[in-house]
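Beneath this line is the structure, given in structure tokens, with notes to follow.
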Amino acid sequence: MPKYKIKSISPLANYKSEINNIKISAIEKTKLYSLAIPKNGIRKATTTIIKTFHCQLPPTGSCSVSREHKLKILALSTDQIFLYFGHQDIIQIETNLKALEKSFYITEQSDAWAGIKVSGLNIISCLERICPIDLSIGAFGINCFARTAMEHLNTI
């Protein structure tokens, strides 16, 4: 029996605050996996995603949602996607990772990222001050994202 046990903790420690009617809170209990598509493997990767999660591989900068599997697939580039899902669904998703291993290089990234949720009436104008992309609803719709630098942080 080991003498010590490693326990996972959130880097944001369940942070929650409200400043000028803008709500900020840590996103907790989520998992993030990076899937890299091998050279000349896009067709196989696309077929595997459709077969495994019953949704399309999204175009770069977009997200597909698999409601059945309770996950989002974020396409960061033409050869890299992220799987984003809740901690409670880890057993179901890990079962599917076995099928994905034949089409992707997979790394677990949950401990390398921290998530925050921001909301409020003036959130767009607040974020535009620190984020160098157009966040208007016409340019940046639902299930869209951009990888960018927000102040000094790499951000999705």
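Going left to right, the sequence shown walks through residues 3 to 158 as our numbering numbers them.
We put the beta carbon where it would ideally sit given N, CA and C, even for glycine.
Using the Cα positions of residue i and residue j, report the straight-line distance between them to the nearest angstrom.
{"i": "Gly143", "j": "Lys5", "result": "50 Å"}
{"i": "Ala114", "j": "Ser12", "result": "11 Å"}
{"i": "Ser112", "j": "Gln90", "result": "14 Å"}
{"i": "Ser36", "j": "Ile126", "result": "28 Å"}
{"i": "Asn23", "j": "Pro40", "result": "45 Å"}
{"i": "Ser121", "j": "Glu96", "result": "31 Å"}
{"i": "Ile132", "j": "Ala151", "result": "9 Å"}
{"i": "Pro136", "j": "Val67", "result": "For clarity, residue 136 is Asp in the given sequence; the question names Pro instead. Whole-angstrom Cα-Cα distance: 23 Å."}
{"i": "Phe106", "j": "Ile51", "result": "10 Å"}
{"i": "Cys57", "j": "Cys65", "result": "10 Å"}
I believe residue i touches residue j by the beta-carbon criterion, under 8 Å. Please report the beta-carbon distance rounded to the nearest angstrom.
{"i": "Ile108", "j": "Leu102", "result": "6 Å"}
{"i": "Leu59", "j": "Ala77", "result": "7 Å"}
{"i": "Ser27", "j": "Lys119", "result": "5 Å"}
{"i": "Phe55", "j": "Leu73", "result": "7 Å"}
Quick check on residue i: does DSSP put it in helix, strand or coil?
{"i": "Leu99", "result": "helix"}
{"i": "Thr50", "result": "helix"}
{"i": "Phe84", "result": "strand"}
{"i": "Cys133", "result": "coil"}
{"i": "Cys146", "result": "strand"}
{"i": "Cys128", "result": "helix"}
{"i": "Ile75", "result": "strand"}
Which partner residues does residue i have in the DSSP bridge list?
{"i": "Ile26", "result": "Ser19, Val120"}
{"i": "Glu110", "result": "Tyr35"}
{"i": "Ser68", "result": "Leu73"}
Should the region 122 to 141 be regarded as contacting the region 70 to 86, the criterion being three or more beta carbon pairs within less than 8 Å?
no
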